[in-house]
Amino acid sequence: MFDLGWTELMLIGIVALIVVGPKDLPVMFRTLGKFTARMRGMAREFTRAMEDAADESGVRDVAKDFRTMTSPRAMGADALRKATTFDDFDPFGEDDEMADEASARPAKKGPKTAPMTEERADAARKIRESAAAKAQARLDSEAEVQTAPGDSAAPDAATRTAQGPQEGTS
Numbered sequence: 001m002f003d004l005g006w007t008e009l010m011l012i013g014i015v016a017l018i019v020v021g022p023k024d025l026p027v028m029f030r031t032l033g034k035f036t037a038r039m040r041g042m043a044r045e046f047t048r049a050m051e052d053a054a055d056e057s058g059v060r061d062v063a064k065d066f067r068t069m070t071s072p073r074a075m076g077a078d079a080l081r082k083a084t085t086f087d088d089f090d091p092f093g094e095d096d097e098m099a100d101e102a103s104a105r106p107a108k109k110g111p112k113t114a115p116m117t118e119e120r121a122d123a124a125r126k127i128r129e130s131a132a133a134k135a136q137a138r139l140d141s142e143a144e145v146q147t148a149p150g151d152s153a154a155p156d157a158a159t160r161t162a163q164g165p166q167e168g169t170s
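Below, the structure written as structure tokens:
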């Protein structure tokens, strides 16, 4: 209650011994003990009286109802907590019935989303074709360079310096 340690209690006892004297010290401690016992008894009686008054007014029932209404179990928080734990998570689980049902059933296309998905599929096809054409052109140009390594269209730096400065460049 007061958070007194052994050293503080010993200091209080020594001061009491000096102030009161060795003859009256046991009588004083006995009186102090009776006083604290009476105070504790009064505190217990007060607590009991308040609990009885709360029981009579129905506060305890209201508190119990409030606790049940706000409990995590009643609000579904325990199911949410269970759903967010990934301890038993298996992304390729074959026991998951909902995943099997979802994969077995084709995705439904609504009247507004069907044209959009078709447009997206056409755009994706065009992008793939364009990328394939560019890749093929790059492969063809690399093949031409490998077949004729001596024939380069641009003169190298040695022939440029040997020819000297050209007109139009400084």
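Residue numbers for the sequence shown follow UniProt numbering, so the first one is 1 and each next one is one higher. Glycine residues also receive a C-beta, built at the ideal position from the N, C-alpha and C atoms.
If you draw a straight line from the C-alpha of V19 to the C-alpha of A37, how long is it? When rounded, the distance between both Cα atoms is 24 Å.
Under the three-state DSSP convention, the category G41 falls into: Annotated three-state conformation of G41 is helix, per DSSP.
Proximity below 7 Å, CB of L17 to CB of L4: No, these two residues do not count as a Cβ contact at 7 Å.
Does DSSP put A158 in a helix, a strand or coil? Legend: pLDDT at A158 = 47, less than 50; position of this residue unreliable, no value from coordinates given.
Supposed contact pair A54 and R48 - C-beta distance, whole angstroms, cut 8 Å: Not confirmed; about 11 Å, so no contact.
Using only the alpha-carbon positions, how far apart do residue 199 and F29 sit? Absent from the model: residue 199. The displayed extent of the chain is 1 to 170, so no value can be given.
Does DSSP classify S170 as helix, strand or coil? Reliability of the predicted coordinates at S170 is poor, the pLDDT of 46 falling under 50, and no value is obtained from them.
Where does S71 sit, in a helix, a strand or coil, going by DSSP? Coil, per DSSP.
Which first and last residues belong to the alpha helix (DSSP H) in which G13 is found? In the DSSP assignment, G13 falls within the alpha helix (DSSP H) that extends over 6-20.
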